[in-house]
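In the UniProt record's numbering, the protein residues as written are 1 to 116.
Here it is, written out as structure tokens:
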């Protein structure tokens, strides 16, 4: 699996206010999208998320988002090392993703930029 980078997940109460802070800190412009009932802004290496607590409580369980060149390759590699695939692979607004629990219990989202 080719890992391209990692994004930190930050749940915020006021997405608009947080975007300004993170744009200033990273020098990057926010890319906004909606996933289910959650508003998301990708800013540099951060995914800012705001929405209903019921959905955020699930998202908080995922340690980080890992960008890969190919989710299918990541899927195969994760299964080889004994990871449990919790969700996916599925299409998202920015590519495909899957969520996996590593053998140590850590949970990560893996994403690529390929269309489904």
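C-beta: ideal position from N, C-alpha, C; glycine also. Quick caveat, the model's predicted, so the values are computed rather than measured.
Using beta-carbon positions only, say whether residue 20 and residue 39 come within less than 8 Å of one another. On the chain shown, position 20 is the one that residue 20 refers to. On the chain shown, position 39 is the one that residue 39 refers to. Result no, Cβ atoms of residue 20 and residue 39 do not sit closer than 8 Å.
Which of the three DSSP states is assigned to residue 7 in this structure? Within the chain shown, numbered from 1, the residue matching residue 7 stands at position 7. In this structure, residue 7 counts as strand in the three-state DSSP scheme.
Does the distance from the CB of residue 65 to the CB of residue 109 come in under 8 Å? Mapped onto the chain shown, residue 65 falls at position 65. Mapped onto the chain shown, residue 109 falls at position 109. In this structure, residue 65 lies near residue 109, with their beta-carbon atoms less than 8 Å apart.
Where do the N-terminal and C-terminal ends of the alpha helix (DSSP H) with residue 63 fall, by residue? Within the chain shown, numbered from 1, the residue matching residue 63 stands at position 63. DSSP places residue 63 in no alpha helix (DSSP H); its state is neither H nor E.
Have a look at residue 45 and residue 9 and give me their C-alpha separation to the nearest angstrom. By 1-based counting over the chain shown, the position of residue 45 is 45. By 1-based counting over the chain shown, the position of residue 9 is 9. Those two C-alpha atoms are separated by around 9 Å.
So which of 76, 85, 77 has the shortest CA-CA distance to residue 62? The residue given as residue 62 occupies position 62 in the chain shown. Looking at the Cα atoms, 85 is the closest of the given residues.
Return helix, strand or coil for residue 112, following the three-state DSSP convention. Here residue 112 refers to the residue found at position 112 when the chain shown is read from its first residue. Of the three classes helix, strand and coil, the one that applies to residue 112 here is strand, per DSSP.
From which residue to which residue does the alpha helix (DSSP H) around residue 30 run? Position 30 of the chain shown, counted from the first residue, corresponds to residue 30. Premise fails: residue 30 is in no alpha helix (DSSP H) and is neither H nor E.
What residue does the beta strand (DSSP E) around residue 81 start on, and which one ends it? One-based indexing of the chain shown puts residue 81 at position 81. Note, residue 81: premise wrong, no beta strand (DSSP E); not H, not E.
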